[in-house]
Amino acid sequence: MAGPGDAQDRLDRIAKLIAADMVAEVCSIYVRRAGDVLELFATQGLKPEAVHNTRLRIGEGIVGAVAADSRPMALAEARKHPSFAYRPETGEEIYTSMMGVPILRGGRMLGVLAIQNRTQRDYTDEEVETMETVSMVVAEMVASGELIETSEQRPADGIGIAPLRLDGIKLNGGLAMGHAVLHRPAIPVGRTVAEDSETEKLRLKDALASMHKRLDELLVQADAEGPGDHIDILKTYRMFAEDKGWIRRIVENIENGLTAEGAVVRVQDDTRARMKKVDDAYLRERLLDLEDLAFRLLQHLTGDADGTRAHMLPEETILVARNMGPADLLDYNRSNLKALILEEGSSTSHVAIVARALQIPVIGRVKGILDRVEPMDPILVDGGNGLCYIRPGDEVRSAFKASMRMFEEKRAHYRAAKDLPSITKDGVEISLMMNAGLLIDMGHLQDSGAAGIGLYRTEVPFMVRSDFPDTTTQAELYSAILDQAEGKPVTFRTLDIGGDKVLPYFHEMQEENPAMGWRAIRIAIDRPGLMRGQLRALIQASNGRPLRVMFPMVANADEFVQARAMLDKELSRATRRGLPLPSELKVGAMLEVPSLIFQLDALAKKADFISIGSNDLLQFLFASDRGNPRMDGRYDALSAPVLNVVKEVVQRAQQNGLELSVCGEMAGQPLEALALIGLGIRTLSMSPANIGPLRDTVRACTVSALSDFTEALTHRPDRSLRGAMASFARDHGITV
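Per numbering that gives the first Met the number 0, the very first residue in the sequence shown carries number 0; after that it's consecutive.
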């Protein structure tokens, strides 16, 4: 395959050789060109005049479908497949069976390798794997630029000099300005066909040992930087580096004739293909860990494992990646790293959690970023709004610099004002609390001047672990949270798992509507061991200090009674054993399900407080899936239905002497917060970044005028009352 002759001659010989070896009448090689076009570059069996004349769009025909999904297709009767597209110039009408595999390199789809047979043929898994292995050799030819210019291997509209704005989602806020550095440039693999499999196995063994040693060094380094949940993440990542199934698949590919590097790439491509088919957030994170480990292993195999790139980051680097693992982020020299942009990513992904610990702005799900940016392109990152500007013009750059100056000035102002009381002009105190979910979040408690932790999401530390933490481990974490709170109140919400919050070690059945299915307190009641273990840990952690516990997604008073009974049993257990009890215990419910509104009178006999979880409450109130992009903007939190629900809850809570707060997106947005205050809410819990701005809003408003205005809004039929509330704020000189 690597014999003499120009690239086209060698490609023709490859097609002929594959056809003979696979006992196929046809072998065709399609190469991706600019504009997402697949061009027939070589064939054995189809009409020669079709070469360089037959072209398919990605997604068109079976070849296009293979390219679109980046995964193989093996069809005994190809013409019956819905994707089949007949091209008369090829003369392929006489062939029945077809198998196609994507030509992949570094996660990029470069073309399709296909074979066809006259008679009906069931291709075996071994034959598909053989074709995938051969496609790696073709991928090296395409990527080298021998067949087409490397510039054509990107989408036609991808690279240019024109300014571009791309939107994503906020993973960590902040503003940054710098130049693009592409994470994980392709590692040149060289030979993929082995001469001696035993030698390759020894090379693999040495590379694995070297990689494990480097990961152990990273763990020591991270531990030295201080405690936090990122340590658990790295330990889990290190554990995956010894995954026997992953290593076995690499060894099997070596035994099938590949070099160690070729075998790793082969397994890595398979992992990427699996990632495209998996929707489960946990499984995608695990597959990402394996892909990241494969890249690191290639570094050790090719002698590029000394971490040189970590010391070569230019100043003001904006790191751009499809996705990345936590260890890779720690590999970089972070003094020059200003921001991170991911083509994928989620708020619970490991790299996002580590980036938050390091206070690096991150935006994720920026579709097509790798196809649209070149190394050293200037980039502006607005983490708070989840967007970036590539190759910005002078006007945009100047405006962004002004925004950065203003941002820093505001941060300085908020830091200086963090100890000012959050009291309205007419003397009403509004308690501004912060939400947290990890130990690393606790540093923001003092920085922001928050009055306490209004919502500690206990499920978040569970989600970044590979196994269920025992009671002692949980108690140590909760004790550390209370220690760092330094006497400020902390409300621990018990496990809110299920729905989109997946624990890797807790296997749930598939549900058509998981958001409204078996989750949160429903799981706790059905699996009381989970709840009691956590409650036992919370009591142990309190160690004579005040303790606040909140149960999530309570739909009726009976569910709360059952959960409270478990807590009472754990208190009795602690008493019998002579363990210190909380000096003060307050127990509450999160109001997310509208049905609970009509049972607040009964709930008040057992509960001390309630907290409105605005995110889920709005979702259930409007029957609107907040994860569905088609629902974006359809319903507004600032509308009469929402305001009247809050008004009803405030009245019932006051009648029954229940403490009341609001947490979620509504609590942290100035206009929404004004409406909540006007309706009688006096405690708000939000992201720590929102506390400074909201303190200014509170100190500028007058509750008496705000209450009268908000009451009038509850009777208006408008789809959105946002404009009216903004006008009120503007007329009264309130900062929003």
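Don't be surprised by glycine CBs; every beta carbon is placed ideally from N, CA and C. These numbers were taken from a predicted model, which means no experiment stands behind them.
Cβ neighbours of residue i in the same chain (closer than 6 Å, five flanking residues each side left out)
i: Gly157; result: Bear in mind that the predicted position of Gly157 carries a pLDDT of just 40, short of 50, making it unreliable; the figure below should be weighed with that in mind. Here the set comprises Asp370, Arg371.
i: Val427; result: Val702
i: Gly436; result: Arg456, Val459
i: Ala588; result: Phe550, Val553, Phe559, Ala606, Ile609
i: Gly58; result: Ala67
i: Arg104; result: Ala138, Ala142
i: Ser706; result: Gly677
Distance between beta carbons of residue j and residue i, contact taken as under 8 Å
i: Thr132; j: Asn255; result: 7 Å
i: Pro669; j: Pro692; result: 7 Å
i: Ala240; j: Leu214; result: 6 Å
i: Gln794; j: Val22; result: The displayed coordinates of the chain run from 0 to 735. Any statement about residue 794 would go beyond what the structure contains.
i: Ala293; j: Glu199; result: Rounded, the Cβ-Cβ distance is 16 Å, inconsistent with contact.
i: Leu494; j: Phe461; result: 7 Å
i: Met405; j: Val264; result: Met405 to Val264, Cβ: 47 Å. No contact.
i: Leu296; j: Met176; result: Actually they do not touch by this definition, with Cβ atoms about 35 Å apart.
i: Leu599; j: Arg518; result: Rounded, the Cβ-Cβ distance is 22 Å, inconsistent with contact.
i: Met724; j: Ala688; result: Not confirmed; about 21 Å, so no contact.
i: Thr490; j: Ile452; result: 6 Å
i: Gly382; j: Lys169; result: 6 Å
i: Leu529; j: Ile522; result: 7 Å
i: Leu431; j: Ala411; result: Actually they are not in contact, since the Cβ atoms of Leu431 and Ala411 sit about 19 Å apart, beyond 8 Å.
i: Val319; j: Leu454; result: Not quite, the Cβ-Cβ distance comes to about 33 Å (not below 8 Å), so this is no contact.
Residue(s) in a DSSP beta bridge with residue i
i: Ser430; result: Thr682
i: Glu131; result: Partner(s): none; Glu131 has no beta bridge.
i: Glu38; result: Val30, Arg54
i: Arg456; result: Arg492
i: Ala401; result: DSSP lists no partner for Ala401.
i: Asp381; result: Leu174, Leu386
i: Phe550; result: Ala588
i: Val180; result: Leu318
N-terminal and C-terminal residue of the alpha helix (DSSP H) that residue i is part of
i: Glu658; result: Looking at the DSSP string, Glu658 is not in any alpha helix (DSSP H); the run it does join, the beta strand (DSSP E), is 658-662.
i: Phe467; result: That residue, Phe467, is in no alpha helix (DSSP H); it is neither H nor E in DSSP.
i: Gly442; result: 442-447
i: Phe83; result: Counting along the chain, Phe83 falls outside any alpha helix (DSSP H), and DSSP gives it neither H nor E.
i: Asp746; result: For the chain, the structure presents residues 0 to 735; residue 746 sits outside this window and is missing.
i: Asp736; result: There is simply no residue 736 to check, as the chain begins at 0 and stops at 735 in what is shown.
i: Ile524; result: 520-525
i: Met565; result: 556-575
i: Val361; result: Unbroken run through Val361 is the beta strand (DSSP E), 361-363; no alpha helix (DSSP H).
i: Val192; result: Run containing Val192: none; DSSP gives neither H nor E here.
i: Gly302; result: No alpha helix (DSSP H) contains Gly302, which DSSP labels as neither H nor E.
Segment limits, beta strand (DSSP E) that includes residue i
i: Lys796; result: Because residue 796 is not part of the residues shown, which for the chain are 0 to 735, the question remains open.
i: Ala73; result: 72-74
i: Met97; result: 96-104
i: Thr316; result: 316-320
i: Val111; result: 107-116
i: Ser610; result: 608-612
i: Leu165; result: 163-166
i: Ile340; result: 336-341
Contacts around residue i, its chain only, beta-carbon distance under 8 Å, and the 5 residues preceding and following it disregarded
i: Lys424; result: Arg698, Ala699, Cys700, Thr701
i: Ser719; result: Asp635, Leu637, Ser638
i: Leu39; result: Ser27, Ile28, Tyr29, Leu45, Ala49, Val50, His51, Asn52, Thr53, Arg54, Thr89
i: Asp166; result: Val365, Gly385, Leu386
i: Ser686; result: Met433, Asn434, Gly667
i: Leu146; result: Ala6, Gln7, Leu10, Val30, Phe40, Met140
i: Leu620; result: Pro593, Pro640, Val641, Val644
i: Ala309; result: For Ala309, the predicted model reports a pLDDT of 47, less than 50, meaning its position is unreliable and no value from the coordinates is stated.
i: Thr270; result: Leu286, Leu289, Glu290, Ala293
Same chain, Cβ closer than 7 Å to residue i, neighbours up to 5 away in sequence not counted
i: Ala554; result: Val592, Ser594, Leu595
i: Ala64; result: Gly58, Met72, Ser82
i: Gly532; result: Thr470
i: Met375; result: His178, Ala179
i: Leu584; result: Leu546
i: Arg563; result: Val586, Lys605
i: Arg633; result: Ser623
i: Arg56; result: Asp35, Val36, Gly63
i: Leu312; result: Val180, Tyr331, Asn332, Asn335, Leu336
i: Ile690; result: Leu431, Met433, Ser447, Gly448, Ala449
Distance cut-off 6 Å: residue i Cβ against heavy atoms of the ligand MG
i: Ala66; result: Looking at this structure, you won't find the ligand MG or any other ligand, since it has none at all.
- Task: Check whether the stretch 93-108 touches the stretch 116-126, taking contact to mean three or more Cβ pairs, one atom from each stretch, closer than 8 Å.
- Result: At 8 Å Cβ cutoff, the stretches touch.
- Query: Taking three-plus beta-carbon pairs below 8 Å as touching, is the stretch 564-582 in contact with the stretch 605-622?
  - Reply: Counting Cβ pairs under 8 Å, fewer than three are found: no touch.
- Item | Touch test, the stretch 653-660 against the stretch 410-424, Cβ-Cβ under 8 Å, three pairs minimum | In this structure the stretch 653-660 does not lie against the stretch 410-424, because fewer than three pairs of beta carbons, one per stretch, are closer than 8 Å.
- At least 3 beta-carbon pairs within less than 8 Å: the stretch 382-397 vs the stretch 190-199: By the C-beta criterion, the stretch 382-397 is judged not to be in contact with the stretch 190-199, since fewer than 3 inter-stretch pairs fall below 8 Å.
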